[in-house]
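Peer 1: This is the structure I have questions about; it appears just below.
Protein chains in written order, with our numbering: chain G, -12 to 267; chain X, -12 to 267.
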């Protein structure tokens, strides 16, 4: 397994890999867990070579967010990726990614306005800009994203189609702990007590699914029931509980067809998100 | 010479061409003149295959601008490009380039604030977004732009470096009529009388060069002299006369080192621009 730090070296290797077969790519911020590794396995299964990037991207963090605190352990990441048969780890430093004079950003309208976009202004532009760069550096045939970050996956998919990147975005299912908590590097921030409370987010999503299965079609009723369930655990500060269509991510009043039910809440030092897609 | 209208077909051909040698690309809005053809010749000389796009990009025109009136003659363009030994003409239609649901844009900060960016809000974002798309579709080793659109060339160069496109931007000199008028598809709008007046823009740039050669270092004095010269011809409405640094395109007060002297003015139905780079 090669570890590459230079953009130009990665591009030359990318040309060679792509000429030899299909290239799969998994962009990450490191501190890998089973969720990331499941994305790597999707790429491994579908492609001849697999590139994983490890880069904590500063531009997708807000000024009050956890850039400094974000957990890092490259030694462990490298070992895990080696065990998964990854061919190349691309690990640039921030000065390489954002040299002096950097002035460019990529935006996606509409889809970035609600959900996480509302309380994290600039977040998706940071994500899109770095993903555009990584796609131009790694030149993959497919790039795999996790369903846990549902809005990110949809927004990146929109950018890739709109800007005609010659890459297909594949979205892989959320991987959960045994008690239902969606895996996330940020779970690391939770105290034992908070870790015990955290699965209520997924339980609220399952409650939403049960209500819709039982015939509920009013989004407000579903959202209210979810909020009440989450509030039974102390310490949560809810960011949003939302039901949106899966195309433009606009809130729906009546649930019909395919919808995304999504939740975000602060618990201690962590901001946790989770979602499910369901069909009424 | 192949004419291709589909993005996917162009991408497949692009992969083949790039694997066989260097690919040169000249993006145009058609209605070609000697300026465009000089860019094609630069690409032809440096590369194994040459792709030219012909697409009047609606998103780079303002609501009050000349999108509808913009001159088009694809039969003539095709003949001229054939004579230059171009390999591929990529000529998509607007629905292919901007399908329903399109939501993405590319921005460059700072460099787009002044000069043409001031009176043409949205123009450079339109240019950058379509160029990003075209680079992902044509995958060229080099893309050739004209110095006549100086700000465009610098802004595109900034984007290409910032987003790590694996393409080098080459800027080729402005081609002029015998009386000095910079070639432009928009010269087509000029009446015979306006055509006679138009070269004063280039004369104002030469005046600036003479003044600086003779020791003038005050940008305001140079700009005032240029405005006075242009105003001797009736019918001009000056948009800007500016002296800026060639890095961030910020106005300078004292002229030293390398500067861009740029002018934009409306004359009848045409908005004309021109510029020179000089060193004090």
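Where a beta carbon is used, it is the ideal one built from N, C-alpha and C, also for glycine.
Looking at C-alpha atoms only, which residue of G:104, G:91, G:193 and G:98 is the closest neighbour of residue 99 (chain X)?
Peer 2: As a working mapping, residue 99 (chain X) is identified with position 112 in the second chain. That would be G:91, whose Cα lies nearest to the Cα of residue 99 (chain X).
Peer 1: Kindly indicate the opening and closing residues of the alpha helix (DSSP H) around residue 255 (chain G).
Peer 2: As a position in the first chain, residue 255 (chain G) is number 268, starting the count at 1. No alpha helix (DSSP H) contains residue 255 (chain G), which DSSP labels as neither H nor E.
Peer 1: Mapping DSSP to helix, strand and coil, what is residue 198 (chain X)?
Peer 2: In the second chain, counting from the first residue as 1, residue 198 (chain X) sits at position 211. Helix at residue 198 (chain X).
Peer 1: Is the beta carbon of residue 141 (chain X) closer than 8 Å to that of residue 188 (chain X)?
Peer 2: The count along the second chain starts at 1 and reaches residue 188 (chain X) at position 201. The count along the second chain starts at 1 and reaches residue 141 (chain X) at position 154. Not in contact: residue 188 (chain X) and residue 141 (chain X) (Cβ atoms no closer than 8 Å).
Peer 1: When you compare the CB of residue 138 (chain X) with every CB in chain G, is at least one pair closer than 8 Å?
Peer 2: Taking the first residue of the second chain as position 1, residue 138 (chain X) is located at position 151. Judged by the 8 Å Cβ criterion, residue 138 (chain X) is not in contact with chain G.
Peer 1: Residues of chain X with CB under 9 Å from residue 124 (chain G), in chain order?
Peer 2: For this step, residue 124 (chain G) is matched to residue 137 along the first chain. What residue 124 (chain G) touches in chain X: 151 and 153.
Peer 1: Below 8 Å on the Cβ atoms is my contact criterion, and I expect residue 161 (chain G) with residue 120 (chain G) to pass it. Report the Cβ-Cβ distance as a whole number of Å.
Peer 2: Residue mapping note: residue 161 (chain G) aligns to position 174 of the first chain, counting from 1. Residue mapping note: residue 120 (chain G) aligns to position 133 of the first chain, counting from 1. Contact flag wrong, Cβ pair sits at about 26 Å.
Peer 1: Could you please tell me which residues of the region 93 to 124 of chain G, in chain order, have their CB closer than 7 Å to any CB of chain X?
Peer 2: 93, 94, 95, 96, 97, 98, 119, 120, 123 and 124
Peer 1: Using a Cβ-Cβ distance under 8 Å, would residue -4 (chain X) count as near chain G?
Peer 2: Numbered from 1 along the second chain, position 9 holds the residue referred to as residue -4 (chain X). No, its Cβ sits nowhere closer than 8 Å to a Cβ of chain G.
Peer 1: Please list, in chain order, all residues of the same chain as residue 216 (chain X) whose beta carbon is under 8 Å from its beta carbon, the five residues on each side excluded.
Peer 2: The residue you call residue 216 (chain X) lines up with position 229 of the second chain. So the list reads 187, 190, 191 and 194, once near-sequence residues are dropped.
Peer 1: So what's residue 232 (chain G) in DSSP terms, helix, strand or just coil?
Peer 2: In the first chain, residue 232 (chain G) corresponds to position 245, counting from 1. Correct three-state label for residue 232 (chain G): strand.
Peer 1: Taking Cβ positions, are residue 89 (chain X) and residue 40 (chain X) nearer each other than 8 Å?
Peer 2: Working through the second chain from its first residue, we reach residue 89 (chain X) at position 102. Working through the second chain from its first residue, we reach residue 40 (chain X) at position 53. No, Cβ-Cβ distance for residue 89 (chain X) and residue 40 (chain X) is not below 8 Å.
Peer 1: Excluding the 5 residues preceding and the 5 following residue 112 (chain G) in the sequence, name in chain order all residues of the same chain whose CB lies nearer than 6 Å to its CB.
Peer 2: Taking the first chain and counting its residues from 1, one reaches residue 112 (chain G) at position 125. Correct list, in chain order: 92 and 94.
Peer 1: Look up residue 57 (chain X) in the DSSP assignment and say whether it is helix, strand or coil.
Peer 2: To locate residue 57 (chain X), count along the second chain from 1; it is residue 70. Note: residue 57 (chain X) maps to coil in three-state DSSP.
Peer 1: In three-state terms, what does DSSP make of residue 126 (chain G)?
Peer 2: Locating residue 126 (chain G) in the first chain gives position 139, where the first residue counts as 1. Reduced to three states, the DSSP call for residue 126 (chain G) is coil.
Peer 1: Around the C-beta of residue 32 (chain G), are 16 or more other C-beta atoms found within 10 angstroms, so that it is buried, or is it exposed?
Peer 2: Your numbering for residue 32 (chain G) matches position 45 in the first chain. Label assigned to residue 32 (chain G): exposed.
Peer 1: What span of residues does the alpha helix (DSSP H) with residue 145 (chain X) cover, start to end?
Peer 2: Here residue 145 (chain X) refers to the residue found at position 158 when the second chain is read from its first residue. Its alpha helix (DSSP H) spans residues 137 to 149.
Peer 1: State yes or no: is the beta carbon of residue 90 (chain X) nearer than 8 Å to at least one beta carbon in chain G?
Peer 2: Here residue 90 (chain X) refers to the residue found at position 103 of the second chain. Interface residue, yes.
Peer 1: With a threshold of 7 Å, establish whether the CB of residue 258 (chain G) neighbours any heavy atom of the ligand NAP.
Peer 2: Ligands displayed in this structure: none; no statement on the ligand NAP is therefore possible.
Peer 1: If you drop the 5 nearest sequence neighbours on each side, which residues of the same chain put their C-beta closer than 6 Å to that of residue 5 (chain G)?
Peer 2: Here residue 5 (chain G) refers to the residue found at position 18 when the first chain is read from its first residue. Within the same chain, Cβ atoms closer than 6 Å to the Cβ of residue 5 (chain G) are found at 126, the five residues on either side in sequence being excluded.
Peer 1: Do residue 129 (chain X) and residue 106 (chain X) count as a contact pair if the criterion is CB distance below 8 Å?
Peer 2: The sequence position of residue 106 (chain X) within the second chain is 119, counting from 1. The sequence position of residue 129 (chain X) within the second chain is 142, counting from 1. Not closer than 8 Å, so no.
Peer 1: Do residue 246 (chain G) and residue 226 (chain G) have their beta-carbon atoms positioned less than 8 Å apart in this structure?
Peer 2: Along the first chain, read from residue 1 onward, the residue named residue 226 (chain G) stands at position 239. Along the first chain, read from residue 1 onward, the residue named residue 246 (chain G) stands at position 259. In this structure, the beta-carbon distance from residue 226 (chain G) to residue 246 (chain G) does not fall below 8 Å.
Peer 1: Is residue 90 (chain G) helix, strand or coil when you go by DSSP?
Peer 2: As a working note, residue 90 (chain G) is residue 103 in the first chain. DSSP places residue 90 (chain G) in coil when its eight states are reduced to three.
Peer 1: Going by CA-CA distance only, name the one from X:19, X:109, X:157 and X:176 that's closest to residue 71 (chain X).
Peer 2: Taking the second chain and counting its residues from 1, one reaches residue 71 (chain X) at position 84. Per the Cα distances, X:19.
Peer 1: Should residue -6 (chain X) and residue 151 (chain G) be called a contact, given that it needs their Cβ atoms to be closer than 8 Å?
Peer 2: Within the second chain, residue -6 (chain X) is the residue found at index 7, counting from 1. Within the first chain, residue 151 (chain G) is the residue found at index 164, counting from 1. Going by C-beta atoms, residue -6 (chain X) is nearer than 8 Å to residue 151 (chain G).
Peer 1: Looking at chain X, is there any beta carbon in it that lies within less than 8 Å of the beta carbon of residue -7 (chain G)?
Peer 2: Position 6 of the first chain, counted from the start, is the residue given in the question as residue -7 (chain G). By this cut-off, residue -7 (chain G) is not an interface position.
Peer 1: Quick check: what's the CA-CA separation for residue 196 (chain G) versus residue 117 (chain X)?
Peer 2: Numbered from its first residue, the first chain carries residue 196 (chain G) at position 209. Numbered from its first residue, the second chain carries residue 117 (chain X) at position 130. Roughly 42 Å separates the two Cα atoms.
Peer 1: Give me, in chain order, the residues of the same chain whose beta-carbon lies closer than 8 Å to that of residue 11 (chain X); leave out the 5 immediate sequence neighbours on both sides.
Peer 2: The sequence position of residue 11 (chain X) within the second chain is 24, counting from 1. If you ignore the 5 residues before and after residue 11 (chain X), its C-beta comes within less than 8 Å of the C-beta of 29, 30, 31, 33, 34, 36, 37, 38, 127, 128, 129, 130 and 131, all in its own chain and listed in chain order.
Peer 1: Less than 6 Å between C-beta atoms, sequence neighbours within five positions excluded: which residues of the same chain meet that for residue 47 (chain G)?
Peer 2: By one-based count along the first chain, residue 47 (chain G) stands at place 60. If the five residues before and after residue 47 (chain G) are omitted, its C-beta is found closer than 6 Å to the C-beta atoms of 110, 113 and 114, all from its own chain and listed in chain order.
Peer 1: What's the gap between the Cα of residue 176 (chain G) and the Cα of residue 24 (chain G)?
Peer 2: For the purposes of this step, residue 176 (chain G) is identified with residue 189 of the first chain, where counting begins at 1. For the purposes of this step, residue 24 (chain G) is identified with residue 37 of the first chain, where counting begins at 1. Cα to Cα, the separation comes out at about 20 Å.
Peer 1: Just curious, the alpha helix (DSSP H) that residue 1 (chain X) is in, first and last residue?
Peer 2: Taking the second chain and counting its residues from 1, one reaches residue 1 (chain X) at position 14. Start and end: -6 to 7.
Peer 1: Taking the alpha-carbon positions, what's the residue 14 (chain G) to residue 144 (chain G) distance?
Peer 2: As a first step, residue 14 (chain G) must be located in the first chain, where it is residue number 27. As a first step, residue 144 (chain G) must be located in the first chain, where it is residue number 157. Here the C-alpha atom of residue 14 (chain G) lies approximately 14 Å from the C-alpha atom of residue 144 (chain G).
Peer 1: What residues of chain X sit near residue 145 (chain G), judged by a beta carbon separation below 8 Å?
Peer 2: Working through the first chain from its first residue, we reach residue 145 (chain G) at position 158. Those within 8 Å of residue 145 (chain G) in chain X are 88, 90 and 91.
Peer 1: Alpha carbon to alpha carbon, what distance is there between residue 85 (chain G) and residue 223 (chain G)?
Peer 2: The residue you call residue 223 (chain G) lines up with position 236 of the first chain. The residue you call residue 85 (chain G) lines up with position 98 of the first chain. Spanning the two alpha carbons is a distance of roughly 35 Å.
Peer 1: Who are the near neighbours of residue 16 (chain G) in its chain, counting only those whose CB is closer than 6 Å to its CB and skipping five residues on each side?
Peer 2: On the first chain, position 29 is the one that residue 16 (chain G) refers to. If we look at residue 16 (chain G) and ignore the five residues flanking it on each side, its Cβ neighbours are 43.
Peer 1: How big is the Cα-Cα spacing for residue 148 (chain X) and residue 123 (chain X)?
Peer 2: On the second chain, position 161 is the one that residue 148 (chain X) refers to. On the second chain, position 136 is the one that residue 123 (chain X) refers to. Between residue 148 (chain X) and residue 123 (chain X), the C-alpha separation is close to 14 Å.
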